[in-house]
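Read left to right, the sequence shown gives residues 27 to 277 (my numbering).
Here's the structure we're looking at; comments come further down.
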Amino acid sequence: SHDSGERREIVETLLDIDVFSTMNALLKGKISENKEEIKELNHKLALLKERADAQTNHIKVLKEKSKTSIDKYELEIQSAVNQNDELQKEIHDLNNQIDVLLEQVTEKEDLELEASNIEKDITDNKTTINKINKEIVFYHNNDKCPTCSQDISAELKNNKVHSCNIQKTELESAIIYQNSKIELLEEKIKKFYEIETRTGTLRNKIAEVQSNIFANNQYVKRMTKQIADLHSESGDIEKENDKLQPIVTGK
27 SHDSGERREI
37 VETLLDIDVF
47 STMNALLKGK
57 ISENKEEIKE
67 LNHKLALLKE
77 RADAQTNHIK
87 VLKEKSKTSI
97 DKYELEIQSA
107 VNQNDELQKE
117 IHDLNNQIDV
127 LLEQVTEKED
137 LELEASNIEK
147 DITDNKTTIN
157 KINKEIVFYH
167 NNDKCPTCSQ
177 DISAELKNNK
187 VHSCNIQKTE
197 LESAIIYQNS
207 KIELLEEKIK
217 KFYEIETRTG
227 TLRNKIAEVQ
237 SNIFANNQYV
247 KRMTKQIADL
257 HSESGDIEKE
267 NDKLQPIVTG
277 K
């Protein structure tokens, strides 16, 4: 039989074993719980990484689309700028054509004034011919002077009528020449009117070209804003991508 001291020692030993058993059981339970929690966290992390990977791929696609759009807009802007350069050259050429035409038109007023003076001379000559015709009629119809009642000899009458006819013929020839000169002047003046019409057409063409330049400039402004917006969006995308990197890389 054991004495009381030995029994006590045996009891304490048994109690220590029991405590260790209890602690071991509790520890195993805690380890099991931790394993489940780790498993759940790993599952959540895997899902999060999966979403992060998907988001990263989506961001990559957006960046590629953004770059493609920017490249496209920049090409369109360059095309519009090049087209405007060509249109400006066209305007320069059209203005040169107008200047050449306007140099010719400056003669028109002189020609119109010359034609007007000739028409006045024709009118004066016709008036003189009418007076001559009246004088001829007078000598044909009168043998005496109505003022002094003196006889008008046949010789004098013939001489006066002959002189009147010569003067009349000269004036009629002058009128024919003057009319032909007016026709030539009018032909030249008509060409100047055609030049003025061409000048007007060229000015309309310039207005049309300037309208195209304005439209191109407005288009360039819109494309430039689109590019700026895309750059801004790209910056936002980069920030979001930076936030996702620790999740994706696990760092």
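Just so you know, even glycine gets a beta-carbon here, dropped at the ideal spot from N, CA and C.
With contacts defined as CB atoms closer than 8 Å, residue 151 and residue 202 fail to qualify as a contacting pair. Proximity to residue 125 across 166, 228, 215 and 145 peaks at 228, based on C-alpha coordinates.
Comparing alpha-carbon positions, the option among 148, 226, 62 and 144 lying closest to residue 211 turns out to be 144.
For residue 142, the uninterrupted alpha helix (DSSP H) segment begins and ends at 134-167.
At a Cβ-Cβ threshold of 8 Å, residue 108 and residue 239 do not count as neighbours. Remark: fewer than three beta-carbon pairs, one from each stretch, lie closer than 8 Å, so the region 117-124 and the region 163-183 are not flagged as touching. Taking a cut-off of 8 Å on C-beta distances, the region 215-228 touches the region 132-146, as three or more cross pairs fall below it. Taking C-beta separations shorter than 6 Å and ignoring five residues to either side along the sequence, the partners of residue 186 in its chain run 165, following chain order.
Listed as beta-bridge partners of residue 170 by DSSP are 177.
By the C-beta density criterion, residue 174 is exposed, having fewer than 16 other C-beta atoms within 10 angstroms. For the pair of segments examined, the region 152-161 was found to touch the region 191-200: the number of CB pairs separated by less than 8 Å reaches three.
Exclusion of the five residues before and after residue 127 leaves 221, 224 and 225 as the residues of its chain whose Cβ lies within less than 7 Å of its Cβ. The beta carbon of residue 177 sits closer than 7 Å to those of 169 and 170, all from its chain and outside the five residues before and after it, given in chain order.
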